[in-house]
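There are 2 protein chains.
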Amino acid sequence: MVQATSLPRNETGIAAAVETLKQRFGDQLQTGQAICEQHGHTTTWITNQAPDAVAFPTSTEQVAEIVKVCAEHGVPVIPYGTGTSLEGHVNAPAGGICIDMMRMDRIIAVHAEDLDVVVQPGVTREQLNTYLRDQGLFFPIDPGANASLGGMAATRASGTNAVRYGTMKDNVLALEAVMADGGVIRTAQRARKSSAGYDMTRLLVGSEGTLGLITELTLKLQGIPEAVRSARCSFRSVDDACRAVMMTIQYGIPVARIELLDALSVRAANAYSGLDLPETPLLLLEFHGSDAGVVEQSDMFASIAEEFSGFDFAATSTAEERSKLWQARHDMYWASLQLRPGAKGISTDVCVPISRLAECVGAARDKAEGMGLMAPIVGHVGDGNFHALLLIDMDSGNERQKADEFVGWLNDLAISMDGTCTGEHGIGQGKRPYLQKELGETTRYMAAVKAALDPDNIMNPGKILEM
Amino acid sequence: MVQATSLPRNETGIAAAVETLKQRFGDQLQTGQAICEQHGHTTTWITNQAPDAVAFPTSTEQVAEIVKVCAEHGVPVIPYGTGTSLEGHVNAPAGGICIDMMRMDRIIAVHAEDLDVVVQPGVTREQLNTYLRDQGLFFPIDPGANASLGGMAATRASGTNAVRYGTMKDNVLALEAVMADGGVIRTAQRARKSSAGYDMTRLLVGSEGTLGLITELTLKLQGIPEAVRSARCSFRSVDDACRAVMMTIQYGIPVARIELLDALSVRAANAYSGLDLPETPLLLLEFHGSDAGVVEQSDMFASIAEEFSGFDFAATSTAEERSKLWQARHDMYWASLQLRPGAKGISTDVCVPISRLAECVGAARDKAEGMGLMAPIVGHVGDGNFHALLLIDMDSGNERQKADEFVGWLNDLAISMDGTCTGEHGIGQGKRPYLQKELGETTRYMAAVKAALDPDNIMNPGKILEM
Chain P
1 MVQATSLPRN
11 ETGIAAAVET
21 LKQRFGDQLQ
31 TGQAICEQHG
41 HTTTWITNQA
51 PDAVAFPTST
61 EQVAEIVKVC
71 AEHGVPVIPY
81 GTGTSLEGHV
91 NAPAGGICID
101 MMRMDRIIAV
111 HAEDLDVVVQ
121 PGVTREQLNT
131 YLRDQGLFFP
141 IDPGANASLG
151 GMAATRASGT
161 NAVRYGTMKD
171 NVLALEAVMA
181 DGGVIRTAQR
191 ARKSSAGYDM
201 TRLLVGSEGT
211 LGLITELTLK
221 LQGIPEAVRS
231 ARCSFRSVDD
241 ACRAVMMTIQ
251 YGIPVARIEL
261 LDALSVRAAN
271 AYSGLDLPET
281 PLLLLEFHGS
291 DAGVVEQSDM
301 FASIAEEFSG
311 FDFAATSTAE
321 ERSKLWQARH
331 DMYWASLQLR
341 PGAKGISTDV
351 CVPISRLAEC
361 VGAARDKAEG
371 MGLMAPIVGH
381 VGDGNFHALL
391 LIDMDSGNER
401 QKADEFVGWL
411 NDLAISMDGT
421 CTGEHGIGQG
431 KRPYLQKELG
441 ETTRYMAAVK
451 AALDPDNIMN
461 PGKILEM
Chain A
1 MVQATSLPRN
11 ETGIAAAVET
21 LKQRFGDQLQ
31 TGQAICEQHG
41 HTTTWITNQA
51 PDAVAFPTST
61 EQVAEIVKVC
71 AEHGVPVIPY
81 GTGTSLEGHV
91 NAPAGGICID
101 MMRMDRIIAV
111 HAEDLDVVVQ
121 PGVTREQLNT
131 YLRDQGLFFP
141 IDPGANASLG
151 GMAATRASGT
161 NAVRYGTMKD
171 NVLALEAVMA
181 DGGVIRTAQR
191 ARKSSAGYDM
201 TRLLVGSEGT
211 LGLITELTLK
221 LQGIPEAVRS
231 ARCSFRSVDD
241 ACRAVMMTIQ
251 YGIPVARIEL
261 LDALSVRAAN
271 AYSGLDLPET
281 PLLLLEFHGS
291 DAGVVEQSDM
301 FASIAEEFSG
311 FDFAATSTAE
321 ERSKLWQARH
331 DMYWASLQLR
341 PGAKGISTDV
351 CVPISRLAEC
361 VGAARDKAEG
371 MGLMAPIVGH
381 VGDGNFHALL
391 LIDMDSGNER
401 QKADEFVGWL
411 NDLAISMDGT
421 CTGEHGIGQG
431 KRPYLQKELG
441 ETTRYMAAVK
451 AALDPDNIMN
461 PGKILEM
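Chains as they are written, first to last, in the UniProt record's numbering: chain P, 1 to 467; chain A, 1 to 467.
1) Measuring only between beta-carbons, confirm whether P:C36 sits less than 8 Å from chain A.
2) Would you mind telling me which residues of chain P sit closer than 7 Å to A:R125, beta carbon to beta carbon, in chain order?
3) Exposed or buried, which one is P:S207 when buried takes at least 16 other CB atoms within 10 Å?
4) Residue range of the beta strand (DSSP E) that P:N385 falls in?
5) Quick one: complete beta strand (DSSP E) runs, 3+ long, within the stretch 37-100 of chain A?
6) Just the chain P side, please: which residues come within less than 8 Å of A:I464 by C-beta, in chain order?
7) Using the Cα positions of A:H330 and A:D116, report the straight-line distance between them to the nearest angstrom.
8) When Cβ atoms are compared, which residues of the stretch 415-429 of chain A fall closer than 9 Å to chain P?
9) Between P:K402 and P:V350, what straight-line distance do the alpha-carbon atoms span, to the nearest angstrom?
10) Candidates P:R340, P:V172, P:P51, P:D291: which alpha carbon is nearest P:A34's?
11) Given that A:Y445 touches chain P, what residues does it touch there, using C-beta distances under 7 Å?
12) Closer than 9 Å by beta-carbon distance: list the chain A residues that pair up with P:L435, in chain order.
13) So P:C233 is in the beta strand (DSSP E); what residue range does that whole segment cover?
14) What do you get for A:Q429, buried or exposed, if any count of 16 or more other CB atoms within 10 angstroms of its CB means buried?
15) Report the CB separation of A:G88 from A:M101 in whole angstroms; it is logged as a contact under 8 Å.
16) What does a CB cutoff of less than 7 Å around P:R243 pick up in its chain, not counting 5 residues either side in sequence?
17) Who does A:A124 pair with in a DSSP beta bridge?
18) For P:I14, report the span of its alpha helix (DSSP H) as first-last.
19) In terms of residues, what are the limits of the beta strand (DSSP E) holding A:A256?
20) Can you list the residues of chain A that P:L203 reaches, using a CB-CB cut of under 8 Å?
21) Relative to the C-alpha of P:S237, which candidate in P:E279, P:T215, P:D170 has its C-alpha closest?
22) Under three-state DSSP, which class holds P:H330?
23) Name, in chain order, the residues that DSSP records as bridge partners for P:E176.
24) Nearest-angstrom Cα distance between A:R232 and A:A302?
25) Is there a Cβ of chain A sitting closer than 8 Å to that of P:A364, yes or no?
26) DSSP three-state call for P:M374: helix, strand or coil?
27) Anyone know if the C-beta pair for P:T348 and P:H387 falls short of 8 Å?
28) Pull up the DSSP beta-bridge partners for P:H111, would you.
29) Can you list, in chain order, the residues of the stretch 355-387 of chain P whose Cβ is nearer than 9 Å to any Cβ on chain A?
30) Along chain P, in chain order, which residues have C-beta atoms closer than 8 Å to that of A:H111?
31) Please list the residues of the stretch 211-224 of chain A that have a C-beta atom closer than 8 Å to any C-beta atom in chain P, keeping them in chain order.
32) Which residues, in chain order, does the stretch 276-295 of chain A contribute to contact with chain P at a C-beta distance below 7 Å?
33) Between which two residues does the alpha helix (DSSP H) harbouring P:K402 extend?
34) I want to see whether chain A comes within less than 8 Å of P:S265, judged by CB atoms only; does it?
35) Please list, in chain order, the chain A residues whose beta carbon lies closer than 7 Å to that of P:D134.
36) Can you check DSSP and say which residues form a bridge with P:K344?
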């Protein structure tokens, strides 16, 4: 494991806050070692830094109460959803109180006429979509994991269909949040657009719990499309595949998903999901629209693919065949791990302008091979975002060091290409030096905003900014 | 004219700053009364409050220099584009230096492969679209006026095709801005999405020059659609028209524009633009897509309209007929003024959840009629946003008072319907009390952000927040 940075602990304050909260909340506050460690755990390679206690509030008022107690004693609060974040977001480097939001899991109101829904932060995206299905509605953001919607907003998550529907930034209409002083705000009303003052919604989305704790979300919904069609196409090179993607986007084909799997990923998928795909770079696509529209879209894509020597193109509108393919895509993390049993997966997350994508993916593959690292690559390539999953023996200091070097090299490369070190995973603890490299002076003004809204640095300290 | 609030003037500081800037910038700084008054002028009913001088920088470095001088002397800086804002945004209630951005009008780089463009803030949207046409690209946001892109970002503008393409918030990838201390920041790289830290882009978009001065914008572009089709349909009532809109949006028809004109507006358009439309509520639509796609979309709309007793439906894909109709829509402001020659137009700008739209528009029309106010209504109804244009004899104290009462009443009504007092015009000076009503406690945290980034309150003071 890579050692996470520790911050000074306020022992007196922590003891006092835990005592007060125990009296107030009884069983809703847990201090057992196992539960604390579990709440420091994420799908990450950064050392677990457990909080001192975990609170399980059931209402905004309870969250505000907890924050007020912590504010009074200068004690950190760290929000927790499903623990699927990847950059040490829920670690407690200065100790403090973890606020587990998963008991706040009510769907408060569906406004079908307005295509929006109001939910508590512990509702997961699958829970929401199951609930909505009968009404012909869905929430489109799909980061893979069945994450909590509060966590998805906090990290500005996106995933496979951001190319069509945007990221959390584009799909949150309004938030309710508990601020560092315990004040409760609502960032906007339910109108579809507004020019009313500073965009506090977007300021909180992606702030990773460092500016406020999200206690309610108003989300945009979509009507379930009349028709959905999937397609796949193999290519002779990553370069050809990326060029086909670029042209698809330029032609304005409204693809709902366009995913790249490199040859190694296809090999992993074949083995894990019992498929028989050519082990060369593959694009998986999904089209949403009318019956005629999705066929038109997939035909247009097919002719673009042909220009770039695509082969084995296949498209289907039947649900069963679609599911099989997309299930394989969703299982890529597990499939990749099977390429090297016992290895730990470390995911990179760069995103570059699409004109640089082929070059960036190619360089990443060459670099990994040159370093002797096994690193299957998958990508939400319509947005220029891809993940190399480094399969590392964590007992080998040499491999860990190589992984570290690769991650840093790739982040620097993406930044040099006018891209970002994180397309969707967030900064957390792991990428703070790269945020500095990426945005320089701008981080000084971010720090000013942070200091203004959380002067005592109690909101998820040690994340995003080096302060 | 309605009296704008004045703020205390820092006479010594202003004199010193003007003196320093004159020496440094020569003719690029103007202090003549006419030019100062012109730069306090907007399409607004709020009293002109002229700055003490107007600077005409040609580069980011010059803007930073000006801001540094003003910061040193505690003197306000007010950014100015085309002067088409509607809520007193460019007034100088405490005097100070207006920074006219219109000499910063270069299109710096078109990245056709990435569908983005880098421009200076003085580029207007028509200038940009003329420049892009040969490359098959366009920038979709159309607020009506040929506004500067910097101003459009600063007010979070939108307009007729926000229903399809979003607002400025959705179409700005990154900004360069000069901050209150003269520091220059770049808010993001050119990647299509990012989870790298606080969303400083969205914090600046809509901040109306109160947090930083936008000196460069990276904007998303769209490919010019293969086919564009327009349609119009008349309805027996605003209620029927709004219900048809609601169903169109629910069905997920990707309308590029869907505009409502009430009966009075249609009358004005007939007279001004030589049309012969039935003088009942009218919907104007535009569809973007493939040749087959736009016909499918307009057919789907036609059957929805029929359900709500729509009549005189007509659709066309020929450019000439389309232009005629949309020119009439764009001329509505001038057409409306002709309903009452000599009157001044005062525009409201509420936006409500679409389920409340019919009720809100109906109530606005009834209220205006009940008060004896002539107020044609047009709306970007796909988003729930509409404008009642009050035609007021500004020499009549009674009418001015009625207008004031109507505006306040409508803002309150929209807020009570979970809507906003401003869908796209911004808060400026005029709507500060309503921002408070709309978002309450949240404005306290907005004020904290403002104080952190602009501790001496020199960036466009007296706008958005009551401080």
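Every residue, glycine too, gets a C-beta built ideally from N, C-alpha and C.
The short version:
1) For P:C36, the answer is no, since every Cβ of chain A falls outside 8 Å of its Cβ.
2) Within 7 Å Cβ-Cβ: nothing; A:R125 doesn't reach chain P, min ~17 Å.
3) buried
4) For P:N385, the enclosing beta strand (DSSP E) stretches over residues 385-392.
5) List check, beta strand (DSSP E) in window: 53-55, 77-80, 97-100.
6) G197, Y198
7) 26 Å
8) Those residues of the stretch 415-429 of chain A that come within reach of chain P (Cβ to Cβ, closer than 9 Å) are I415, M417, D418, G419, T420, C421, T422, G423, E424, H425, G426, I427.
9) 18 Å
10) Of P:R340, P:V172, P:P51, P:D291, the residue nearest in Cα terms is P:P51.
11) M179, I185, M200, L453
12) A196, G197
13) 227-234
14) So A:Q429 ends up on the buried side.
15) In fact, because the Cβ distance is near 18 Å, the residues do not count as touching under 8 Å.
16) Within the same chain, P:R243 has close Cβ partners F308, A358.
17) Note that residue 124 of chain A is Thr in the sequence shown here, rather than Ala. DSSP lists A:S148 as partners of A:T124.
18) 11-25
19) 255-261
20) Y198, D199, R202, L203, V449
21) P:E279
22) helix
23) P:R186, P:E216
24) 9 Å
25) no
26) strand
27) yes
28) Beta-bridge pairing links P:H111 to P:D116.
29) S355, R356, H380, G382, D383, G384, N385
30) P353, S355
31) Within the stretch 211-224 of chain A, the residues whose Cβ lies closer than 8 Å to some Cβ of chain P are L211, Q222, G223, listed in chain order.
32) The residues in question are S290, A292, G293.
33) Per DSSP, P:K402 is one residue of the alpha helix (DSSP H) stretching across 397-416.
34) Taking 8 Å as the CB threshold, P:S265 stays off the interface with chain A.
35) The premise fails here: P:D134 is roughly 15 Å from chain A at the closest Cβ pair, so nothing lies under 7 Å.
36) Per DSSP, P:I392.
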